[in-house]
Amino acid sequence: MAPPGQMAVFPSRNRLLIGSWLTSVRTRFDMTLLLILLLPILFLPAPLVLRHAPRAAVVSALLAPAIIFYLLLQLLPAVLAGQVLLFHYDWIPALGLAVSLRLDALAALFALLISGIGISVIFYAHHYFAGKPDAPRFFAMILGFMMAMLGIVLSENLLFMLVFWEMTSLISFLLIGFYGQKQISRRGARLSLFITGGGGLALLAAILLMGSIVGSFQLSDILAERALLQQHSVFPWILGLFLVGVFTKSAQFPFHLWLPHAMSAPTPVSAYLHSATMVKAGIFLMMRLYPVFSGAEVWFYWVVAIGFMTLLVGSFVAIFMHDMKGLLAYSTISHLGLITLLLGYGSEAALTVAVFHLINHALFKAPLFMMAGSIDKAAGTRDLRQINGLAWHYPWLAVLSFIPTAAMAGLPYLNGYFSKKLFIVESFQSTDSGWLAVLIPALAILGAAFSVGYAIRLFHNTFFNGKPRDIPNWPLPAISGWVYLPLACFAALCLWIGFWPEVLLHQLVQPVVQAAQGNVALTTDFSPYDLAILQQHPWLTTISMLTFAGGLAVYSARKALFAWHAALPTVDAKDIFESRMQWLIARSQQGVHLVENGSLQRYVIYLVLTALVFTSWPLWQLQQWRGELALMPVDAMSAGALILLMVMAISVAVLHRQRLIALLFTGATGLLITVGFARFSAPDLALTQFSVEVMAIFIMMLALSFLPQSSPQEKVRYRAKRDAVVATVAGIGVAVLSFAVMTRPQQSISDYFLANSVPGGGGSNVVNVILVDFRGFDTLGEIAVLAIAALAVFALTRNLRLKGHSPSAEHIDAWHGYAQPYPLILRTLARPLLPMALLVSAYIFLRGHNLPGGGFIAGLITAAALSLQYVACGIRWAQVRMLTQFRPLIGAGLLIAGLTGLGSLLFDHPFLTSWFSYFELPVIGKFELATALLFDLGVYATVVGSTMLILANMGRLMTIHGPGKEIG
Amino acid sequence: MHLMILPVLIPLFAGALLTLLYGLSMRQQRALSLLSILGQLLVALLLMQQALSGDYFFYQLGNWQPPFGIVLVLDQLSAMMLLLLAGLALFSTLYACVGDDRKGAHFHALIQFQLLGLNGAVLTGDLFNLFVFFEILLIASYALLLHGGGRERSRAGLRYVIMNLVGSAFFLIALGVLYGITGTLNMADMAVKVQQLPAADRPLIHAAAALLLVVFGIKGALLPLLFWLPRAYAAAAAPVAALFAVMTKIGIYAMIRVFYLVFGGEDGIHLSLWQWLWPLALATMVIGAIGALGARSLRGLTAWMVIVSVGTLMAAIAEASIPALASALLYLCHSTLLTATFFLLADLVQRYRPGPRDYFVTGARVRHPVLLGALFFTAAVAFAGLPPLSGFISKVWLLSSVTSFWGYAVFWPLLLASSLVIIVALSRAGSALLWRQSKQEPLQAKAPASATSLVVCLLTLSVLFSVLAQPLMTFATSTATQILTTERYLHAIPLGGGL
């Protein structure tokens, strides 16, 4: 396999090859190719714009294929002479993806078919959609499809080809779902997208693998590396994926299932996409990459086997189809199988016949679809059990349909005659190995007999076979004469080829075969395919008669056969697909629900377990848990406090159902931790923890009043035990981890902070200097968190109505009866407490830089004092006496902190660079001015504003006589 | 010189102003908010231009030298993320201005704070500072998630915030261990210290790194940790969900940044982290596809597609090669844009179908079926990785960059299969929303043209993305190279030393 960095080789390699190609006589750069590719898309808007003028719309839509056809004819002589036209523009060299086009005989043949049949289909569609508003949308899609199809056949870069390959699947999906309001269309469309889309992915994988081996996606490079590819170990994979890709597209067994269900598309679509062009894309690609794959033994077995299966299944099932389009669809499947089979034979002669039959099939199948569409439109049904004896109603249609039908059956002097004969001849010559040499021709004859059978059925049943039965549109309306025009053209072509097959074979097919075999330069001494082989073959006439006899026999036994078929259980692929899909969807919903069921408890246990598994894996390898540091001696006081701490923490978990009690224990735990901080000489932390604890309990008490008094009992008992085990293990894990870390000696950046706090930060309280200076950016972020949380509470509670929790007026009156809402003593005490508390917070704030304290703690103290006023005297009383709203306080706090940091930019220092200096004033003495203080002021304001906003708004929810709608 | 701090300062000041001047009319709020975002976009572009030189740029906050102070780092990866964030924020805020911002208080302030958190997280070079910004973006996203109110949002929000708070606790534990062992918080300094570590202490660092993987896995929606996501994203208001499309990617950004830099190196710890990440990422992809198949609404489907995309991304990152990482970066941008588009599109569908909304049930004919169909189809093609839009390019690149044996054996089939499942799910969605119609009177409701045009713009971006794929891929490759050559980062940063 190529090394990881191999993609880089693509660009250079491409250019090299293109360069050498250009110097060769046989290749030529030609911009016309790009024009051909782009023409449909250039004309695409026209029918949409002209949607109110149907004639103009159809003409504009016709122009694109007509011009393309003309351009191709211009280029054709040179191309058939063996010249290869190229166009190249690098799109994404790093991927090897290039807008690279190539017109050789093979591409030209397909492009001619695409544009030529395109013309007739658009012309036909104009009459098919006459009087309906659907035509412009249809034309636009058909033009889009035409471009995609041209892209497939013209691409020189396989990845670029894939772009169009997928586009055809998508447009086909849209066109099958053209009448999306019908369930049958939707299901058919989705089935087809599932199969062809999946095939596209397989093809993508195959192409990427080929590209990684060859080092380029350019066709000429890949074709040149046949040996390299075939000998590579992943070649079977490539071949398998490739075949899945092309077989899905070309409706080969067992992927053919989508094609019959694609028939819910409008008939012009069936004629164009699902018989003449798109389903041939897979065939085209097999021909395009023929030199790479053919000759491999796997190729022969798989392609021949699948081709035969398809041929037989298609032609056999076609006989039983009562739906005209269904019959044609299965017939198409069988013909595609036939062509595939010929490609599988691997000889040049078989390839020639394949190409020849491909042309013939396109020429006789398109008019048959048009015939079916016209009858469907006229009669309102296409059920062959109802449609009978139409020859007397539409004699011209009968005559014009006879020729393609007969061609399909292989009657002499028609194009199908030769392709079918040649097919049988090739089947005789395909292999020499024992039983296969007998089996293959036998099966070929069987297939041919079936196809005669369904051809007879189609024609005889439609135009003869008694009188029409229960036709919805009775009497039958006339069919527009214009519809006969494309039919007549196709019939003429069928006849012409039937009379002069050599012209087509030698002038067109032969160069195509050469091109498909990768012979860039035409070998001058190639032996033209000799039709004399047909005369020389000993049993051919007999076999021919045999197939016709067989076909007739099948048709005449139709009553019995239909009865047998009707007795079979009906299988509808798209319904099966749909029910399988529904089953799968239901299963996936169930499966997802097993894990994603909305249970937070479950999500958290996944989380904790994942963390446990992830961390215990490496920790298993830890040799030594205890580090080198000596442990401190344990005194009785500390030990007691620690045990108490543990008891309290466990109590929270055990008593969690009594929410108030659990909350009290939580508070007590926090206070004990505060004591711990104080014990280990961290007064700042102790102060912060203490004030945070007070406010947090306060807020949580408030929140608790909205919640039930106790949590519901755990329904499943084992869950509590499971959770307890997991929590205990996780807790012990964290403890052990902490122990391992804290017993290890550490050299950290904190030494730097200790050393630089006074000289660099201008404060002797290192903790505060870290908060407002060394890591002031973190603090700025943290106060933003606080501010956001407050805004979130505000936004959440603004329009909140808690059902059953807003106390009603009677409720409050009743409550007043036994308790004073605002106790006198509390009121009396709270008011004088406020100025004192403010003084304390001012003190704490100001000294913070040098002694324990700071903006955060001061803010919390202020908030505590203020909230006491709310508790003591009620929201309305307090609110009207507040000097400021809370939100501006928050915003101002953030701004002060931010602008302080911004100030340093004026002095060309980075954001948040601090400044301090010492001054001497007569009365006050020496004092310090520091920007850090200003920053801390921002912190203070934000903390006060946020805490109060949260408290006041949560409190507001409980009162019905609060001050208006919003607080803060 | 001070350009680098602006992505943090602009939203901070805008948010603070919107809080301070809370009485501003909605028009003024919108103007201020959009002005701020445009400013961020401009700065992101300038920073990108700066970063394209391939150098590292450092900004020492408070003029303290790293590792003692906090440092912001600009390289191509952070510039890319900034640009992505600003672009996405522009679209989702513009979309919110169609009317969603009126459904709750302080939408614009919260969006600004959210951006503060996001921008800060992608710029910082300090692990604790990353934690702080994670907190900011968590709390802001929680507030935004609840924007508009309602039972479903409150429920989903609770799961979201609690999972992430537990994650924050784990983040702190991991930080504690890392600081306890290495004595530093700066990522680069920590990387140096980790490399000098005695082998006996390695398992501790390893455990902390694994814990960080859990933390980033919650943010990034890695398999056993992702279940908060589908309902939360499906419940969020459309512009919020669109912005959230990038939130999971922040978790992935953090993985790329922290694991490659701090735990990278020759036989770095990151290699064993990738061993965990790779299978879980693939499993994430699978469950995402399963969830997408079973989705009942377009928003739900999109939420699961977010999961598929992050699974794909993380699997590619775990390949730990330059091409795989580069293609992952491209895929990151593509999938973020597309999932955001889908959230907005789902909102469009809801506006067109007031009754059945975006649920996959039969409804009456919508007013502009062709327009809505075209938008849905294009978006679906782009997301499902079908040509010729951005999804195809990034998928092809992903596939051709993942060239290990296990990549071929497992990643390829799973990626292709998940593509197929996505195709099936999207075709089912489109068929139900746009084709399956009841015979009732056609619906008259329609979405405002401004909302539709925003979706069109986003889809145009997807088209441009594939047209201009070559320069983007060149950029992604050089970014991936920059990420993987951590020595240059360590060399470039002016670490104060001695201690």
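Protein chains in written order, with UniProt numbering: chain A, 1 to 968; chain B, 1 to 499.
C-beta atoms are modelled at their ideal positions from N, C-alpha and C, and glycine is treated no differently.
- Shown here for Phe216/B: same chain residues with a beta carbon closer than 6 Å to its own, the five before and five after excluded, namely Gly251, Ala254, Met255 in chain order.
- Residues of chain B whose Cβ lies closer than 7 Å to the Cβ of Val734/A are, in chain order, Ile173.
- Taken atom to atom, the span from the alpha-carbon of Ser394/B to that of Ser327/B is near 7 Å.
- Counting C-beta pairs closer than 8 Å gives fewer than three between the region 17 to 31 of chain B and the region 73 to 87 of chain B, which falls short of the contact rule.
- Rounded to whole angstroms, the gap between the alpha carbons of Ile483/B and Leu241/A is 35 Å.
- Residue environment for Gly346/A: buried (at least 16 other C-beta atoms within 10 angstroms of its C-beta).
- Comparing alpha-carbon positions, the option among Ile497/A, Asn465/A, Lys421/A, Lys574/A lying closest to Gln536/A turns out to be Lys421/A.
- By a beta-carbon distance limit of 8 Å, Leu384/A does not contact Leu341/A. Their separation comes to about 28 Å.
- A contact between stretches requires three or more CB pairs, one per stretch, nearer than 8 Å, and the region 602 to 618 of chain A fails this requirement with the region 319 to 326 of chain B.
- A contact between stretches requires three or more CB pairs, one per stretch, nearer than 8 Å, and the region 459 to 473 of chain A meets this requirement with the region 390 to 409 of chain A.
- Between Ala57/A and Leu63/A, the CB-CB gap reaches or exceeds 8 Å.
- Annotation: the continuous beta strand (DSSP E) that includes Glu928/A extends over 925 to 930.
- Where Ala417/B is concerned, the enclosing alpha helix (DSSP H) starts and stops at 412 to 430.
- The region 208 to 223 of chain A makes no contact with the region 440 to 453 of chain B; the number of CB pairs closer than 8 Å stays below 3.
- Sequence-ordered contacts of the region 620 to 637 of chain A with chain B read Gln621, Leu622, Gln623, Gln624 [C-beta pairs closer than 7 Å].
- With respect to the 8 Å criterion, Gln40/B and Leu115/B are classified as neighbours on the basis of their beta carbons.
- For Thr931/A against Phe916/A, the beta-carbon gap comes to about 7 Å, under 8 Å, which counts as contact.
- Here the region 252 to 272 of chain A makes contact with the region 120 to 133 of chain A; the two share three or more CB pairs at distances below 8 Å.
- The beta carbon of Trp274/B is closer than 7 Å to those of Ala318, Ala320 in its chain, skipping five residues each way along the sequence.
- Around the beta carbon of Cys457/B, a 10 Å sphere encloses fewer than 16 other beta carbons of the protein chains shown; the residue is thus reported as exposed.
- Using a Cβ distance threshold of 8 Å, Ser168/B and Phe133/B do not count as a contacting pair.
- Counting C-beta pairs closer than 8 Å gives three or more between the region 253 to 263 of chain A and the region 183 to 191 of chain A, which meets the contact rule.
- Closer than 7 Å at the C-beta level to chain B, one finds no residue of the region 915 to 940 of chain A.
- Burial is judged here by how many other beta carbons sit within 10 angstroms of a residue's own beta carbon; Asp126/B has at least 16 and is buried.
- One Cα belongs to Ile359/A, the other to Leu505/A, and the distance between them is close to 10 Å.
- Between the C-alpha atoms of Phe490/A and Ile213/A there is a straight-line separation of about 44 Å.
- Just measuring C-alpha positions, the residue of Pro93/A, Val79/A, Val153/A sitting nearest Leu113/A is Val153/A.
- The region 689 to 700 of chain A makes contact with the region 855 to 862 of chain A, as at least three CB pairs between them are under 8 Å.
- In the same chain as Pro404/A, and ignoring 5 residues on each side of it, the C-beta atoms closer than 7 Å to its own belong to Phe364, Pro367, Leu368, Phe490, Ala491, Cys494, in chain order.
- In the DSSP assignment, Tyr59/B is bridged to Leu72/B.
- At least 8 Å separates the CB of His88/A from every CB of chain B.
- The C-beta separation of Gln879/A from Ile967/A comes to about 6 Å, placing the pair in contact by the 8 Å criterion.
- Tyr59, Gln60, Leu61, Gly62, Asn63, Trp64, Pro67, Phe68: these are the residues of the region 41 to 68 of chain B whose beta carbon lies less than 9 Å from some beta carbon of chain A, given in chain order.
- For Gln183/A, the secondary structure class from DSSP, reduced to helix, strand or coil, is helix.
- A Cβ-Cβ separation of about 11 Å leaves Leu791/A out of contact with His147/B under the 8 Å criterion.
- Residue burial annotation: Asp189/B is buried, with at least 16 other C-beta atoms found within 10 angstroms of its C-beta.
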